[in-house]
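The listed protein sequences correspond, in order, to chains D and W. Under numbering that gives the first Met the number 0, think of the first position of the first sequence as 0, with each following residue one higher. Under numbering that gives the first Met the number 0, think of the first position of the second sequence as 0, with each following residue one higher. Note that beta-carbon positions come from the ideal geometry of N, C-alpha and C, so glycine has one too. Heads up, the thing below is written out as structure tokens.
2 protein chains.
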Amino acid sequence: MKPPILATGAYQDLVPGDKHAFGSYRLDSAEIKEFAARWDPMPVHVDEAAAKASLFGGLTACGTHLLAIRVHLIQAHGVNPYVIASLGYEVKFLKPARSGDLLTLYVECASKRESKSRPGTGIVQLSCTLNNQADETVLSMMDTLMIKKSGK
Amino acid sequence: MKPPILATGAYQDLVPGDKHAFGSYRLDSAEIKEFAARWDPMPVHVDEAAAKASLFGGLTACGTHLLAIRVHLIQAHGVNPYVIASLGYEVKFLKPARSGDLLTLYVECASKRESKSRPGTGIVQLSCTLNNQADETVLSMMDTLMIKKSGK
């Protein structure tokens with residue numbers, strides 16, 4: 000299957016309003032615990048008994064793990080050679096993500112504008128949501144990217 | 000050394016304007032490449048020759064790696080039992096973070112308010128910056144947390 004233009008395009012190729020599903024990722028408890036033990040060892044992420052007794056009622060993935068899964072699902076289509084860097088994110092953690100959840104990433108081009116300071120590049124905002132198998136959004140985020148024009 | 004109240008406090012203990020250094024983290028190229036190979040394999044994060052030839056002039060850490068280091072430096076003081084969850088982040092990636100950089104985290108309580116929907120809890124905004132050894136900010140972010148009151 001051809002990767003979506005949102006995953007591979009230069010600045011000129013990206014069209015505000017375009018939206019695409021970017022694939023899915025199955026969360027499992029071993030990975031939830033391994034990631035969190037290294038970076039964010041809250042009991043709700045690393046200790047199944049404590050997580051069960053918490054108001055979440057079970058193990059949840061830490062926020063940075065979900066952000067890592069988001070970028071992984073984008074890069075799984077092949078790294079876009081036009082992307083220079085992310086300038087920033089606005090992130091909302093809306094629902095817990097749990098062991099067994101199948102998370103699907105949707106990406107929409109929210110806006111684009113030419114860079115004033117860097118000719119040959121533009122600023123593109125990608126609105127991303129990570130939804131679980133019940134189509135509930137667990138993570139929504141806006142990623143502001145600096146992207147090259149083609150032919151530059 | 001006593002951990003800062005910003006790392007351990009309940010809602011009542013946190014005072015807007017309080018600021019504290021939270022410790023430092025040395026980035027190395029092996030970890031930059033390992034993290035990025037798993038989650039965000041852009042050449043500038045995983046391929047030293049390609050990174051050197053890029054406009055960054057060398058290997059840089061991926062954004063999710065920096066966010067993981069940020070939460071690691073907070074949790075290194077001991078997990079705060081009053082923190083329930085993060086509701087969201089606003090993140091700016093301001094400078095590249097490179098192999099060999101010593102990143103120091105500063106955390107300031109930016110605001111607090113009682114939760115209207117959840118009695119016994121409050122919403123606290125922590126303004127966090129990760130600065131390199133030249134005291135340049137590579138990452139700034141606001142983390143909006145739900146935190147329990149003590150005695151609840």
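Handout entry: Cα-Cα separation between Met133/D and Val14/W, rounded to whole angstroms
Key = Per the sequence shown, the amino acid found at residue 133/D is Ala instead of Met. Distance between Ala133/D and Val14/W, taken at the CA atoms: about 40 Å.
Practice task
State buried or exposed for Leu54/W, treating a residue as buried only when at least 16 other CB atoms are found within 10 Å of its CB.
Solution key: So Leu54/W ends up on the exposed side.
Practice task
Mark Asp142/D as exposed unless 16 or more other C-beta atoms lie within 10 angstroms of its C-beta, in which case mark it buried.
Solution key: Residue environment analysis places Asp142/D among the buried positions, since at least 16 neighbouring C-beta atoms fall within 10 angstroms of its C-beta.
Exercise for the section: Spatial neighbours of Leu58/W within its chain, please: CB distance less than 6 Å, with the 5 preceding and 5 following residues excluded, ordered by chain position. Expected result: So the qualifying residues of the chain are Ser28, Ile31, Glu47, Ala50 and Ser98.
Problem - Members of the segment 48-68 of chain D near chain W, C-beta cut-off 9 Å - result: Answer in chain order: Ser53, Leu54, Phe55, Thr59, Cys61, Gly62, Thr63, His64, Leu66, Ala67 and Ile68.
Exercise for the section: Compare the Cα-Cα distances from Lys18/D to each of Arg117/D, Ser110/D and Val106/D and report the closest residue. Expected result: Across the set Arg117/D, Ser110/D and Val106/D, the C-alpha of Val106/D shows the shortest separation from the C-alpha of Lys18/D.
Practice task
With a 10 Å radius around its C-beta and 16 neighbouring C-beta atoms as the bar for buried, classify Lys147/D as buried or exposed.
Solution key: The residue in question, Lys147/D, is buried, as its Cβ has 16 or more Cβ neighbours within 10 Å.
Problem - Coil, strand or helix - Glu135/D by DSSP - result: Correct three-state label for Glu135/D: coil.
Handout entry: Euclidean distance between Cα positions of Ser85/W and Ser114/D
Key = If I take the Cα positions, the gap works out to 32 Å.
Practice task
Answer with buried or exposed for Ala36/D, where buried requires no fewer than 16 other C-beta atoms within 10 angstroms of its C-beta.
Solution key: Burial call: exposed.
Exercise for the section: Could you have a look at Phe92/W and say whether DSSP puts it in helix, strand or coil? Expected result: Here Phe92/W sits in strand by DSSP.
Handout entry: Within-8 Å CB hit, Tyr81/D to chain W
Key = False, the Cβ-Cβ gap to chain W never drops below 8 Å.
Problem - Opening and closing residue of the beta strand (DSSP E) in which Ser126/W lies - result: Where Ser126/W is concerned, the enclosing beta strand (DSSP E) stretches over Thr120 to Asn130.
Handout entry: Residue of Met145/W, Pro3/W and Gly16/W minimising C-alpha distance to Tyr163/W
Key = The first residue shown for chain W is 0 and the last is 151, placing residue 163/W beyond what the model contains.
Problem - Which of helix, strand or coil DSSP assigns to Arg117/D - result: Coil at Arg117/D, not helix or strand.
Exercise for the section: State buried or exposed for Leu101/D, treating a residue as buried only when at least 16 other CB atoms are found within 10 Å of its CB. Expected result: The residue in question, Leu101/D, is exposed, as its Cβ has fewer than 16 Cβ neighbours within 10 Å.
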